[in-house]
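Going by UniProt numbering, the first residue of the sequence shown is number 4, and it counts up by one from there.
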Amino acid sequence: KSGFVAIIGRPNVGKSTLMNQVIGQKIAIMSDKPQTTRNKIHGVYTTNDSQIVFLDTPGIHKRQSKLGDYMNQTAMSTLGEVEAVLFLVDAAEGMGGGDRYIAEHLNGLKTPVILVLNKIDKIEPEALLPLMAEYQKLHDFAQIVPISAKFGNNVNTLLEQIAKYL
Ligand code: GDP
Ligand code: MG
């Protein structure tokens, strides 16, 4: 099984940290070379029976310019072509305008979106369920997976969940 996964989320939610955590576990290739004009492969995770190619997706950012519109469009077409989308959010900061802006762009997308609640090491366990309920209002997520990218908590579960969509 193999396939492509796009990682999206506003700045500082932990996208790079998650990539480093995954790559630290098991990695075949890491490349910063642009593969196409609109994506770069950030890392390839391989196990005996699966290969997951992670794409660092440009946009989706609030930008009041033609270039911003173009970047959002190209990011959106990428999301339509991958097997799954990982939407990372910061569980400690909670929902912000940047999260809502991205979620609005996910409406109508047929690709399964996995909501990843990152930085759970910074919150009380009781805060998790209300947070999940709040985010569920934004989009019909295929899965919600809480993790700590920094400390590796639940990252293996996330990889197992991703493999279901390959
Ligand atoms: P990106 O902009 O989405 O790529 O975010 P980064 O991966 O650069 O992370 C932004 C900051 O959040 C860094 O200081 C990370 O160390 C921190 N960070 C990322 N993941 C976690 C986490 O799971 N727990 C904690 N406590 N900090 C994290
Ligand atoms: Mg980054």
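We treat Cβ as the ideally placed atom computed from N, Cα and C, and that holds for glycine. None of the values given here were measured: they were computed from a predicted structure.
Check: residue i C-beta below 7 Å from any heavy atom of the ligand PLP
{"i": "D124", "result": "For the structure depicted, the ligand PLP is absent and the ligand set comprises only the ligand GDP and the ligand MG."}
Beta-carbon spacing of residue i, residue j below 8 Å
{"i": "N121", "j": "I165", "result": "no"}
{"i": "F90", "j": "V56", "result": "no"}
{"i": "I10", "j": "D59", "result": "yes"}
{"i": "V116", "j": "L161", "result": "no"}
Same chain only: Cβ atoms within 6 Å of residue i, ignoring 5 sequence neighbours per side
{"i": "L141", "result": "A106"}
{"i": "K125", "result": "A95"}
{"i": "D102", "result": "V92"}
Beta-bridge pairing of residue i - partner residues as DSSP gives them
{"i": "N121", "result": "D93"}
{"i": "I11", "result": "F90"}
{"i": "N156", "result": "S151"}
{"i": "V25", "result": "None; V25 has no bridge partner."}
Close Cβ partners of residue i (< 7 Å) along its chain, the five nearest in sequence each way excluded
{"i": "T114", "result": "L82, G83, V85, A87 and V88"}
Buried versus exposed call for residue i [16 or more other C-beta atoms within 10 Å across all chains shown]
{"i": "L112", "result": "exposed"}
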